[in-house]
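Inspection log for the structure reproduced underneath, given as structure tokens.
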Amino acid sequence: MQPQSFYRAVADDFSAVDEIIKKQLTSRVPLVSKIGDYITSAGGKRLRPLLVLLCGKALGREGDDLRLLAATIEFLHTATLLHDDVVDMSGMRRGRSTANALWGNAPSVLVGDFLYSRSFEMMVELGSMPVMQILSKATRVIAEGEVLQLSRVRDASTTEEVYMDVIRGKTAMLFEASTHSAAALAGASDEQREALRTFGDHLGVAFQLVDDLLDYKGDSETLGKNVGDDLAEGKPTLPLIYTMREGTAEQAALVRQAIQKGGLEDLEQIRVAVEASGALDYTAQMARDYVARAIACLEVLPASEYRDALVELSEFAVARTH
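The opening residue of the sequence shown carries number 1318 in this note's numbering; numbering runs sequentially from there.
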């Protein structure tokens, strides 16, 4: 269990969600259970199911349905991680080898499909049409976001607007689905549902902005992944886009060339360039702005330890180092 107080506020529920995840991973095919267990036990923050629990309880919802929804969200997230690592050819996540590095691409993709399928079985068990509408739409938007990102690999002409479309799809959408579905399950008012939907979107954008910032500011041991992974894959993230737009001609040319060819040969020069251009400060400030807007959305909730925990979680999202 994480030490932050925003986990402590729902500690019993969080433990129950872990048990649901373990139970739902059971398969008659041993390799499915083995890979599923490997990736779900990797020690991630599990912020998305945490958001479900905190938002639901902030609206007065208790019980097994809320826990099942939190587990469903985690299955959706884990499925995307398995697929992303195959697409990105990643060898390291959360400080250890990825599933595709250990078992190969085909088993990882197929177990990702299993987790998606299981999540939809869990949605049916919940029996909430509004929740199913939110999560089925989210699954489609996430896939579109990943394809959009893939279509922009090694494309140095990618704009900030397109970049924001990518991160809203591939990352922010599941944050939004977590908070929005919790509000729907809790029977919240239209105002509260929309505010929590927006809260999740803004928090998810901020979270991804910090991720992209840390790709040039962090270190592999702290991050739990290889620094410069985005650059190696030729992904034009905001620090690179800003450097090409606002940096010197030399800095812009260096970044443009690095995106177009991929690889890590120029990583240190790129790190210097994005720092000198002000790109990291720009990205960090944008993340802080989104978090401030996210926190403002929480005013629709009654005062409680759960609302306080949501504020603290939001602040953590931009202060983290991994």
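Think of the CB as a built atom: it goes at the ideal place given N, C-alpha and C, for glycine as much as any other residue.
{"Check": "Residue closest to isoleucine 1640, alpha-carbon to alpha-carbon, out of Asp1598, Val1628, Asp1528, Leu1597", "Outcome": "Any question about residue 1640 goes unanswered here, given that the chain covers just 1318 to 1639."}
{"Check": "According to DSSP, residues forming a beta bridge with arginine 1410", "Outcome": "Arg1413"}
{"Check": "Ordered list of alpha helix (DSSP H) runs contained in the stretch 1481-1557, each at least 4 residues", "Outcome": "1490-1502, 1507-1534, 1537-1540, 1546-1549"}
{"Check": "Alpha carbon of alanine 1423 to alpha carbon of alanine 1626, nearest angstrom", "Outcome": "40 Å"}
{"Check": "Cβ pair count under 8 Å reaching 3, the stretch 1574-1588 against the stretch 1487-1494", "Outcome": "no"}
{"Check": "Residue from Leu1398, Ala1636, Val1617, Val1426 with nearest C-alpha to alanine 1375", "Outcome": "Val1617"}
{"Check": "Assumed close pair tyrosine 1623, leucine 1432 - CB separation to whole angstroms, cut-off 8 Å", "Outcome": "At roughly 28 Å, the Cβ-Cβ gap does not stay under 8 Å, so tyrosine 1623 and leucine 1432 are not in contact."}
{"Check": "Proline 1366 to glutamate 1582 span [Cα, whole Å]", "Outcome": "38 Å"}
{"Check": "Where glutamine 1319 falls: helix, strand or coil (DSSP)", "Outcome": "Bear in mind that the predicted position of glutamine 1319 carries a pLDDT of just 48, short of 50, making it unreliable; the figure below should be weighed with that in mind. Glutamine 1319: coil per DSSP, three-state reduction."}
{"Check": "Cα-Cα separation, arginine 1471 to alanine 1566", "Outcome": "19 Å"}
{"Check": "Contact set for aspartate 1547: own chain, Cβ-Cβ below 7 Å, skip 5 residues either direction", "Outcome": "Asp1529, Asp1532, Thr1554"}
{"Check": "Exposure of proline 1619, with buried meaning 16 or more beta-carbon neighbours within 10 Å", "Outcome": "exposed"}
{"Check": "Separation of leucine 1502 from leucine 1342, as counted between CA atoms", "Outcome": "24 Å"}
{"Check": "Valine 1263 and isoleucine 1484 closer than 8 Å at C-beta", "Outcome": "No answer is possible for residue 1263: the residues shown for the chain start at 1318 and end at 1639."}
{"Check": "Outcome for methionine 1318 when other beta-carbon atoms lying within 10 angstroms are tallied against a minimum of 16", "Outcome": "Any reading at methionine 1318 must be qualified, since the residue scores a pLDDT of 37, below 50, and its modelled position is unreliable; the value itself is stated next. Answer is exposed; the Cβ neighbour count stays below 16."}
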